[in-house]
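A.B. asks: First to last, the protein sequences are chains H and B.
Going by my numbering, the first sequence opens with residue 1, and the numbers climb by one from there.
Going by my numbering, the second sequence opens with residue 1, and the numbers climb by one from there.
Number of protein chains: 2
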Amino acid sequence: MDAITATRADRLTIGKLSQLTGVNIETIRYYEKIKVLPVPSRAENGRRVYGPMERRILAFVRRARELGFSLDEVRALLRLGGPEKASCREVREIAVHHLDDIRAKINDLRKLERLLTKTVAQCTGTTAPECPVLDILDAQRSK
Amino acid sequence: MDAITATRADRLTIGKLSQLTGVNIETIRYYEKIKVLPVPSRAENGRRVYGPMERRILAFVRRARELGFSLDEVRALLRLGGPEKASCREVREIAVHHLDDIRAKINDLRKLERLLTKTVAQCTGTTAPECPVLDILDAQRSK
DNA sequence: CTTGATCCTGTAGCCGCTACAGGATTTAGC
DNA sequence: GCTAAATCCTGTAGCGGCTACAGGATCAAG
């Protein structure tokens, strides 16, 4: 490998960064626009140039998104993990809050699942006079 | 109650319909625009007039949305529950497919919950050298 | 030297609403 | 009867979190 011309870890094009992190090129530019990612430096030809630091940040963002954090939360986490560290308590607060959201969502979905399962089960036989799925949507008002 | 001037169940304004179904006025008009609801008749003054049938349909839509069906699915369900009945099998298919989606979502969220719970737990003590939440976001690549 | 890959900016679209603006009526209180 | 507030109308723009173009510039490989 040529040490000068080879793509090195500290001179990434947006395409390489996209490959390495699994984040869409358009999404990377979008993150820059909404200030989730820092404005990168540019090569002489005007193209974005990324280093290992940017790569780390983007990987972090991706992971956080996978875990369901909103972009607002991601921005907050990045701020807290930044220069002024030692704010683990605040990070924890964001995470705990997010965890509450997740648990609430799981609960809701489980209720739905039970109701739908029950309803669809009645549907198995061809004996039903009317469609129980439509009925439950129609009539059911009780929780 | 005056039988002529009183608000009767078969001559609803959009406001009454909204109250009765719990669906926002703007949302009702939006549903009309995207053809989830049929185009209602109009009074002489140009205002929308709804009858009990429309109310039933809207209640159905609301319920289906609460159960997480997409508007596309709702449209399909309405079509199936319409004039050409006897398509319970198709309704069932939509419902089962939706149920699969819900179960997959629950699974994903449960995984997240476990991971986040574990991580936040490490955060309790003030003894941690670095913030485990940020660490897990940073480093963890394993499933 | 040409082709195709990659990059650039900018804008519009997706879902399912929600929130206006700016106007026309209608209803309620006095 | 009159005024003020409520309700209705149409139309457009915004939210989050992207994705998909259009229309161009530039780069790398054969």
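Think of the CB as a built atom: it goes at the ideal place given N, C-alpha and C, for glycine as much as any other residue.
#1: Given a cut-off of 8 Å, decide if I102/B and L67/H are closer than it, judged by their beta-carbon atoms.
#2: Identify each residue in the stretch 61 to 73 of chain H for which the Cβ-Cβ distance to at least one residue of chain B is less than 7 Å, and report them in chain order.
#3: Go to V91/H, then tell me how far its alpha helix (DSSP H) extends in each direction, as first and last residue.
#4: Spatial neighbours of N107/H within its chain, please: C-beta separation below 8 Å, excluding the five flanking residues on both sides.
#5: Find the nearest neighbour of L20/B within the set F60/B, A76/B and L77/B, judged by alpha-carbon distance.
#6: In three-state terms, what does DSSP make of R42/H?
#7: Closest Cβ-Cβ distance between L112/H and chain B: below 8 Å?
#8: Could you pull the start and end residues of the alpha helix (DSSP H) that K33/H belongs to?
#9: Residues in the stretch 94 to 107 of chain B with C-beta within 9 Å of chain H's C-beta atoms, listed in sequence order?
#10: Closest to V36/B by C-alpha separation, out of R62/B, A104/B and D100/B, would be which residue?
#11: Please name the residue or residues paired with L12/H in a DSSP beta bridge.
#12: Taking CB distances under 8 Å as the criterion, tell me whether R150/H reaches chain B.
#13: Considering only their Cβ atoms, is the gap separating I25/H from I34/H smaller than 8 Å?
#14: Quick one: grab the DSSP three-state call for S18/B.
#15: Assuming contact is defined by CB atoms lying nearer than 8 Å, are L71/B and V91/B in contact in what I supplied?
#16: Note the first and the last residue of the continuous alpha helix (DSSP H) segment covering V74/H.
#17: Measure the Cβ-Cβ separation of V23/B and E32/B and say whether it is below 8 Å.
#18: Is the beta carbon of T119/H less than 8 Å from the beta carbon of A95/B?
#19: Is it buried or exposed for R114/B, if we count other Cβ within 10 angstroms and need 16 for buried?
#20: Count the other C-beta atoms from every protein chain shown that fall within 10 angstroms of the C-beta of R89/H, then say buried if there are 16 or more, exposed otherwise.
C.D. replies: So, from the data block:
#1: no
#2: R63, A64, L67 and G68
#3: C88 to Q122
#4: none
#5: F60/B
#6: strand
#7: yes
#8: I25 to K33
#9: I94, A95, V96, H98, L99, I102, R103, K105 and I106
#10: R62/B
#11: Y50/H
#12: No answer is possible for residue 150/H: it lies beyond the span of chain H, which begins at 1 and ends at 143.
#13: no
#14: helix
#15: no
#16: L71 to L80
#17: no
#18: yes
#19: exposed
#20: exposed
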